[in-house]
Structures are given as structure tokens and as C-alpha cells.
Amino acid sequence: MSAAIQAVELVKTYPGGRGRPPVHALDGLSFEVAAGTVFGMLGPNGAGKSTTTKLLTTLAVPSAGTAAVAGRDIVREPAAVRARIGHVSQGSAADPVLTARENLRLAGRLRGMRPTEARQRADSLLEEFGLAEAANRAAGKHSGGMRRRLDVAVALMHRPQVLFLDEPTTGLDPESRSAMWTEIARLAADGGLTVVLTTHYLEEADRLADRLMIVDHGRKVVEGTPAELKAAAGARSLDEVYAHYAGRRFDTEGAAA
Amino acid sequence: MTAIQIPAPASAGWFAQTGLVLGRWLRVTGRQVWGVAASLFQPVVWILLFGQVYAALGALPAFGDGYITYLVPGILMMTVLYAGAWAGSGYLEDIRTGVMDQLLSSPVRPSAIVVGQFLQLLLVNLVQAALVLGIGALGGAHYPGGIGGFLLALAAATLLAGAFCGASIAVALRTRSQVALIGISQLVVLPVTFLSTTMMPAALQPDWVRAVASWNPMTWAVELGRGGLASTLDPGLAWAQAGGLAAIAALALWWAIASLGAYRRSL
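Chains as they are written, first to last, in my numbering: chain V, 2 to 258; chain P, 9 to 275.
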């Protein structure tokens, strides 16, 4: 087993501003993700999930600690990391005015693909994600589910080794959510691709993740396979696991109740 | 555990990235041509209204060949300022939708993101400027400077656009607020316009306005355009004004690129 991600004592502190104390978004977070697996990150809002994703995708720089993604250091070799990752953020990856096909080709070309290569890859992804019929429609006119699938397709254009999915099904209707789960499971099963999944939905984590990490107050609370976590907590569901470790319930909005 | 080591995937060079970013924004502009068309409504109204209301001013010797001919280079630069005020809003939209996060976590160079869109703004500005001069001619303005004067006016408009668009991008990236962007632009546009020779020649201005106006880059752009179109340029002064505008435009572009770096560091 080799590691696609090795994070060691990651710290991220934001200045509080106007005399307020600084915010410790991450307070020494360490974990590893094995290549070819789906790694789920759970935790209430403000727990540090998004900050972890920002650091590992090189959007932000850690205040302390180190991490390697696809074997490259996030601080010393950010360009090398960027070339090897795909990132589906909570927002959209697609320009709403451009068509699905144009968005895909642009993403590929910006990452150094040749025009013919980008065209072929875009066409095959459009097919794969059920977007072929909507390929020439402006992305802004797509339904929520289609738009999200396009975001994932955009992130996969350059065949990344690690795919970050930040709340990929938030705001989707149940049908689109289930379609997205099928897509994610398929991507993971194809082998090679490592997926880091941040989610508010325990069912999503339970179904898709090989390993799970619960984060709170910028620290790791517990980590293991869904089955291990349930066994250790003597719980039947992840909801009970979450309540056991975080000391509170987990509602679908992700806020600690 | 051993980390995976795979040879670096190819990444497009800076020029290719800039060209792709430029291509993206040109496509977006092409699908929203009404935006370019709508921005021409204002100069048409200005040329018609000012031209009619202040027509009597043309009798004063300071205005030379009639007020419309005097005014059109000023209207040209005002159009540049008003359009430039919106320059940064493309970034606010990208930040809001999430496209910016996508770009910043891809191997695209931040300077290519800024320069690509900057070039699109200058190209759109160039088309608008040419159309304003055409509208001015229809409104009765004369351009004795011919094609050379026409090109010089367009060049001056491009330099002014560079300065204002660069500043607008920087303000957008630092405030991240459409309201702040438009507020600051409005705050700047009117004083910059009135403390220049846009609508009133220096000879007719109070001393303090004349002193301020001579250091106002808006005056430099207007005088370059006006002198070029009328073929009355003083080459020494023109080079100094063009050099000043180019320096400010370069500084503004640098500020815009630095502001994208500041935005990233704030994430």
C-alpha cells in the first residue's frame, strides 16, 4: 500500500482581525490516505474540513506542518501538486456562459493537453457522465445534478491521481444525489484514482468511503473504516458513531445540534 | 510507505495559458454582445445632449472647430472610464461561482489569469472606442488628423483603459464586493472627468483646476486623442503624456496581478 496523501501536523491559523483572537482552523492534523481508496472527512461546520481541502489543493498555505499529495510537497512543489489533482469545490468549476463541452476543453487545454487530445477526452467524459445531449448548452442552463456532474468531469479532464470532492451532493435532489453516488463509486472502483470526500451526509460517507476521519476543532477525533468505527463505538449507524465521538448529533446541514 | 512518483504531466506555457484565458473571455463577450452595445448608449446620449445643450460654447475661440469636435475625444475617454469601472466584476463572478478556486488549484499561472482577461478588456475597449469615434463623426465632429489621428486616439484610449481596468481588477480582488467596486468607481470617475480638459479647455478653467488637470492622466489621454484627431499635437508633450499613461497602466496591471496573489493568501 502506498500513500496518496501524507499530512503531518497541519496547522492553519487565520488572523482574527480588529482585536479578536486568531482563529485556529487546523490544530495539528495528521492522517494518511492510501492510493486508490476513498477517504471520507466528516465533521461539523468550522471543524476544519474545508481548510484541510484548501491546504491539500494548494489554494492556501499551512501555518505549520507538512503534507505530500501524490508524492509532492504542497508548499515546496505546489505546481506539481496542482498538475496531479482534480478539485470539485463547493462552488462550480464551469463558466456558466460557456457550454459543457467548451468548459471541459478549456480545463484540459489550460493543463497542457493538445487540442485534439482535449477534444477526445471531453467527448468521452461527456458520454461517461451522461452529458452528451447537453454538451452544447451553456453550463448555467444545466440542472443542479447535471452541473455537479460537469464539475466532476472538469476535475477529471487531465486524469488526476487524487480527486478532492468537497460536499459533492449538497443541494442536490435525492435522485441526483444517488446518481452522483453511483458515479463516485464507479470512479473509485476503476482503480488508480484516490478520492478525498468531504461530506455532511453520513449515509454518503458510509456508502462510499473505505476509511473515515471525524474532525472537530481542527483536530482528528477518530479514524477507521466505517465498520471499525461502528464496532468501536458499539453503534449500529454512523449517526451513533458521530454522536459518540463528537458528543453531539449530526444533522444533515452539518451543524452540531 | 512509499509515495507515488510519476513524471510531471505537461502544463501549458505562460503564453498559451494567457491565450486560453483571453479566448474564454472573448467567447463570453461574444455571447453577451448586448453588454458592449448597451455601453454605447451612454456616449450616444452624451454626444447628442452635450452637443445640443452646449452648442453655443463652440462660438468661443478656445473650442476651435466647434464644441462637438472638441467634446468627442472627451466622450471617448469618459466611455473608457465608465466601462473600465466594471472591469473587475468578472473576477467577483468567478469568486462567487467557484471558478476562481478551480483556476487557482490548477497549474495556471496567476499572472496568466489576470493578463488574459486584461487583454480581453483592452480589445473590447478598442472596439467600443472605434465605435464612439464613428458615432462622433455622425454627430458632426471633424477629424482633420485622418487615420493617423484616429489610431493615436485609439492608442490613448487603450492606455487609459489599461490604467483604469487594472485598478478596477485590483479593487475588486481586494474588496471582493460589487458594491464597493462600483462605489469607488463612481467616486473616482466624476472628479477625474471634471478636473481635466474633457469638457472644458484649460484656458477657460480656474487656476487651481488647471493646475490639477495638467497632472490628471485623464487630461493626458484626452489631449492625446484630441491633438491626434485635430492634428495639433506637440510631439514633446505628447510623448511625455503617452509615457505617463503607459507607466500608470503598467503599474495598474502589476497591482492587479499582486492583488490576485493577495486574494490567494487570504484563503
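No residue lacks a Cβ here, since even glycine has one placed at the ideal position from N, Cα and C.
So is residue i in contact with chain V if we call contact Cβ pairs under 8 Å?
| i | result |
| --- | --- |
| Thr-105 of chain P | yes |
| Val-187 of chain P | no |
| Gln-128 of chain P | no |
| Gln-281 of chain P | There is no way to answer for residue 281 of chain P, as the model of chain P reaches only from 9 to 275. |
| Ala-67 of chain P | no |
| Leu-275 of chain P | yes |
| Leu-167 of chain P | no |
| Gly-32 of chain P | Before going on, a small fix: residue 32 of chain P reads as Arg here, not Gly. Judged by the 8 Å Cβ criterion, Arg-32 of chain P is in contact with chain V. |
| Ala-20 of chain P | yes |
| Leu-181 of chain P | no |
| Leu-268 of chain P | no |
| Leu-261 of chain P | no |
| Leu-131 of chain P | no |
| Leu-28 of chain P | yes |
Tell me whether residue i is buried or exposed, calling it buried when 16 or more other Cβ atoms sit within 10 Å of its Cβ.
| i | result |
| --- | --- |
| Arg-269 of chain V | Outside the modelled stretch of chain V, which goes from 2 to 258, sits residue 269 of chain V, for which no answer is possible. |
| Asp-174 of chain V | exposed |
| Arg-110 of chain V | buried |
| Asn-133 of chain P | buried |
| Ile-256 of chain P | buried |
| Arg-104 of chain P | exposed |
| Leu-68 of chain P | exposed |
| Lys-142 of chain V | exposed |
| Phe-49 of chain P | exposed |
| Gly-155 of chain P | The identity of residue 155 of chain P in the sequence shown is Ile, whereas the question assumes Gly. Classification for Ile-155 of chain P: exposed. |
| Arg-150 of chain V | buried |
| Asp-252 of chain V | Low confidence applies to Asp-252 of chain V: its pLDDT is 49, below 50, so where it sits in the model is not reliable, and the reading given next is rough at best. Exposed: under 16 other Cβ atoms inside 10 Å. |
With a threshold of 8 Å on Cβ separation, who are the neighbours of residue i within its own chain once the five nearest residues in sequence on each side are excluded?
| i | result |
| --- | --- |
| Ala-188 of chain P | Val-179 |
| Met-114 of chain V | Arg-122, Met-158, His-159 |
| Ile-14 of chain P | With a pLDDT of 46 at Ile-14 of chain P, under the threshold of 50, the predicted position of this residue should be treated as unreliable, and no value is reported. |
| Arg-272 of chain P | Leu-112, Pro-118 |
| Ser-51 of chain V | Gln-91, Asp-167, Thr-199 |
| Thr-183 of chain P | Leu-189, Ile-192 |
Comparing the C-beta of residue i with each C-beta of chain P, is any distance below 8 Å?
| i | result |
| --- | --- |
| Thr-226 of chain V | no |
| His-88 of chain V | yes |
| Asp-96 of chain V | yes |
| Ser-93 of chain V | yes |
| Ala-80 of chain V | yes |
| Leu-99 of chain V | yes |
| Gly-68 of chain V | Looking at the sequence provided, one finds Ala at residue 68 of chain V rather than Gly. No, no contact with chain P. |
| Arg-83 of chain V | yes |
Apart from the five residues on each side of it in sequence, which residues of its chain come closer than 6 Å, Cβ to Cβ, to residue i?
| i | result |
| --- | --- |
| Thr-26 of chain P | Ala-120, Val-123, Gly-124 |
| Ile-265 of chain P | Ser-119, Val-122 |
| Asp-207 of chain V | Pro-227, Leu-239 |
| Leu-127 of chain V | Ala-133, Ala-136 |
| Thr-77 of chain P | Ala-149, His-150 |
| Ser-64 of chain V | Val-12, Lys-13, Thr-14 |
| Gly-170 of chain P | Ala-257 |
| Gly-82 of chain P | Thr-206, Met-207, Val-230 |
| Val-116 of chain P | Gln-25 |
Along the chain, where does the beta strand (DSSP E) containing residue i start, and where does it finish?
| i | result |
| --- | --- |
| Glu-168 of chain V | Segment: none, Glu-168 of chain V is in no beta strand (DSSP E) and carries neither H nor E. |
| Ser-31 of chain V | 24–35 |
| Gly-244 of chain P | Element bounds for Gly-244 of chain P: not the beta strand (DSSP E) but the alpha helix (DSSP H), 243–273. |
| Asp-217 of chain V | 212–217 |
| Arg-220 of chain V | 220–225 |
| Gln-7 of chain V | 4–15 |
| Val-196 of chain V | 195–199 |
Here's a check: name, in chain order, each residue in its chain whose Cβ is nearer than 7 Å to the Cβ of residue i, leaving out the five neighbours to either side.
| i | result |
| --- | --- |
| Lys-55 of chain V | Ala-61 |
| Val-91 of chain P | Position check: residue 91 of chain P holds Ala in this sequence, whereas Val was assumed. So the qualifying residues of the chain are Ser-47, Asn-133, Gln-136. |
| Glu-205 of chain V | Thr-170, Trp-182 |
| Gly-66 of chain P | Gly-74, Tyr-75 |
| Val-222 of chain V | Ile-215, Val-216, Tyr-246, Ala-247 |
| Ser-204 of chain P | Ala-221, Asn-224, Met-226, Thr-227, Val-230 |
At which residues does the alpha helix (DSSP H) containing residue i begin and terminate?
| i | result |
| --- | --- |
| Tyr-151 of chain P | Looking at the DSSP string, Tyr-151 of chain P is not in any alpha helix (DSSP H), and its letter there is neither H nor E. |
| Ala-81 of chain V | 79–85 |
| Gly-146 of chain V | 145–157 |
| Gly-47 of chain V | Neither: Gly-47 of chain V is in no alpha helix (DSSP H) and is coded neither H nor E. |
| Asp-109 of chain P | 107–112 |
Any heavy atom of the ligand ADP within a distance shorter than 7 Å of the CB on residue i?
| i | result |
| --- | --- |
| Leu-168 of chain P | Among the ligands in the structure shown, none appear at all, so the ligand ADP cannot be discussed. |
Handout entry: Contact set between the stretch 107–123 of chain P and chain V, restricted to residues whose Cβ is under 7 Å from the partner
Key = Answer set for the stretch 107–123 of chain P: Val-107, Asp-109, Gln-110, Leu-112, Ser-113, Ser-114, Pro-115, Val-116.
Problem - Residues from the stretch 182–216 of chain V in contact with chain P, defined by Cβ distance under 8 Å - result: So nothing in the stretch comes that close.
Handout entry: Chain-ordered residues of the stretch 35–57 of chain P with a beta carbon less than 8 Å from chain V
Key = Here the close residues are Arg-35, Val-36, Arg-39, Gln-40.
Handout entry: Selection of the stretch 35–61 of chain V by Cβ proximity to chain P, strictly under 9 Å
Key = Ala-35, Ala-36, Lys-55, Thr-58, Thr-59, Leu-60, Ala-61
Practice task
May I ask you to list, following chain order, the residues of the stretch 101–126 of chain V that have a beta carbon less than 8 Å from some beta carbon of chain P?
Solution key: Glu-103, Leu-107, Ala-108, Arg-110, Leu-111, Arg-112, Gly-113, Met-114
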